[in-house]
Amino acid sequence: MSRGGTATLVPEPSPGKRLLGIHVVDRDGNALTPSRAAPRALLVATPFVLNWFFYSPGSVPGMVIGAALWWVGLPGLMLAGLYLVVFNRRTRQGLHDWLTGALVIRRGVSPAPHDTVWRPHLVVASGLLLLSAALPLLVYGLMNQISHDFAPLDNMLSAQTQIQSHPGVSRVSVQHLDYWDGPRVLEIGVLIDTDPDAQQELASRLASQARRAIPAAAGDPVAVTLARGWSLGLTSSYTNQRYVFE
């Protein structure tokens, strides 16, 4: 591409861009510099990376802060970006494009340098990010109002941290649930990296450990679900084995 008598090297587009007949450029029609391309790629990749990420906080404040960051990084970025792509008809920039000054244009079409994102769109996109950050705080406040008869949250986080320390355990969830058609149950979900020889023995040890960490659930049945499999983000396959201990 040549502009103003100087030649700008535009790298070959990816197969997807070539198929769609598009380029990613800056406002002057030049290829993005690494200082713009890298943050743009990071913003696009963040939701997919967080989809794989598991955070074991160990404390209530850590849980709330971690959940807020996760909600901003995954649902928040995706919702704000999708909103701008759909409703930002003036420039058709997504959030990652607007923040890095990038434009997606068809090959052979010059960018419109004077078009800018309509300010109310930016207000809505920012509001979606703020709402995503506030949602864990709202949920935590609601849980405090309705969970007086259930196990304290700090006890469940302690049980989660202890179970997480077992070799071969990659993810843990601990819930104290009240089913409509049955008794209150302490539900433990465990994702394991290996296939243990004695799954029921492992499940029994985890159930006993959870009961010791959560006195409020001492008299309730404990259900332990051991899951093993793989996930590629868009697709996954798991085998589950559930054990119930009275």
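For the sequence shown, UniProt numbering begins at 1 and goes up steadily by one. No residue lacks a Cβ here, since even glycine has one placed at the ideal position from N, Cα and C.
Identify the residues that DSSP records as bridge partners of residue i: which are they?
i            : result
arginine 228 : Thr239
valine 244   : Ala223
alanine 31   : Val25
Can you tell me the Cα-Cα spacing of residue i and residue j, whole angstroms?
i              : j              : result
glycine 81     : serine 173     : 30 Å
aspartate 195  : isoleucine 163 : 16 Å
arginine 3     : tyrosine 238   : Unreliable positioning characterises arginine 3 in this predicted model, as indicated by a pLDDT of 42, which lies under 50. The coordinate reading is nonetheless provided below. Cα to Cα, the separation comes out at about 54 Å.
leucine 84     : leucine 226    : 41 Å
valine 117     : leucine 130    : 19 Å
asparagine 30  : isoleucine 105 : 11 Å
glycine 168    : arginine 107   : 50 Å
serine 204     : arginine 242   : 11 Å
alanine 41     : threonine 33   : 12 Å
serine 158     : valine 44      : 34 Å
arginine 18    : arginine 119   : 32 Å
leucine 128    : leucine 232    : 27 Å
proline 183    : glycine 219    : 11 Å
isoleucine 192 : arginine 171   : 7 Å
valine 244     : serine 236     : 25 Å
arginine 92    : valine 86      : 8 Å
arginine 228   : glutamine 199  : 11 Å
glycine 166    : arginine 211   : The question names glycine, but residue 166 in the sequence shown is histidine. Taking the straight line from one Cα to the other gives about 16 Å.
leucine 122    : asparagine 88  : 9 Å
alanine 38     : glutamate 187  : 42 Å
alanine 207    : glutamate 201  : 10 Å
glutamine 160  : aspartate 97   : 39 Å
glycine 94     : asparagine 155 : 42 Å
asparagine 240 : leucine 153    : 26 Å
Grab the span of the beta strand (DSSP E) containing residue i for me, first residue to last.
i             : result
aspartate 178 : 169–178
leucine 186   : 184–192
leucine 79    : Counting along the chain, leucine 79 falls outside any beta strand (DSSP E), though it belongs to the alpha helix (DSSP H) covering 77–87.
leucine 103   : 103–106
valine 25     : 22–25
In terms of residue numbering, what span does the alpha helix (DSSP H) encompassing residue i cover?
i              : result
isoleucine 214 : Careful: isoleucine 214 lies outside any alpha helix (DSSP H) and carries neither H nor E.
histidine 166  : From DSSP, histidine 166 is part of no alpha helix (DSSP H); its letter is neither H nor E.
leucine 95     : 95–100
If you measure between the beta carbons of residue i and residue j, is that distance less than 9 Å?
i             : j             : result
leucine 137   : valine 24     : no
leucine 77    : proline 47    : yes
threonine 100 : arginine 27   : no
leucine 20    : tryptophan 71 : no
proline 221   : valine 185    : yes
histidine 176 : alanine 216   : yes
leucine 79    : serine 126    : no
Any heavy atom of the ligand HEM closer than 8 Å to the CB of residue i?
i          : result
serine 204 : As far as ligands go, the structure on display features none, and thus does not contain the ligand HEM.
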